């Protein structure tokens, strides 16, 4: 009520002073000036409103917070699966039926000859071709014996359990390093 009385008094004073004749016209002019002031915003304010106006909407903020938590949980779950699969894979032993040392014997022989003759680091008489061939043969023999040992371990469940326990202990020690 007080605002209306103040308004009436101001209008009566202006009418009495002869400043205004049409009150409605003055109201329209004042309202249009207020709208112009409101619509006259700087480009920085407009850009800020465009970029960050969504922060004033509560349901948008809450839904984005929920989405971020879901993404974090999915990432943690995915990483735990990857670590679990790596631990499982590291405990498996994969053997080929091929004998790599026999199949690429000439390549190894060439490499060992290169080592022998590289930059004078090794004495030429240190490794002979017979010694290199003997080393490759002993590797093949060791590989064959290892394969037969693994077959024996696979056949006996108790040995397999002991072997797997020891292998997992070794893998845990590697991970700690």
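Numbering (our numbering), first residue to last: -8 to 168. For glycine and all other residues, C-beta sits at the position ideal for the given N, C-alpha and C. Note that the coordinates shown come from a computational prediction; the quantities given were computed from them, not determined experimentally.
CA-to-CA distance, residue j to residue i, given in whole angstroms
i: residue 144; j: residue 125; result: 28 Å
i: residue 61; j: residue 152; result: 40 Å
i: residue 95; j: residue 150; result: Unreliable placement is indicated for residue 95, whose pLDDT of 49 sits below 50; the coordinate value is still reported in the next sentence. Residue 95 and residue 150: Cα-Cα distance of roughly 33 Å.
i: residue 18; j: residue 33; result: 26 Å
Residue of the options minimising C-alpha distance to residue i
i: residue 16; options: 47, 2, 27, 122; result: 2
Test item: CB-CB of residue i and residue j under 8 Å
i: residue 158; j: residue 82; result: yes
i: residue 45; j: residue 51; result: yes
Limits of the alpha helix (DSSP H) - the one that residue i falls within
i: residue 24; result: 14 to 30
i: residue 56; result: 49 to 81
i: residue 1; result: -7 to 7
i: residue 44; result: Where residue 44 is concerned, there is no enclosing alpha helix (DSSP H), given that its DSSP letter is neither H nor E.
Own chain, CB closer than 8 Å to residue i, minus 5 neighbours either side, in chain order
i: residue 49; result: none
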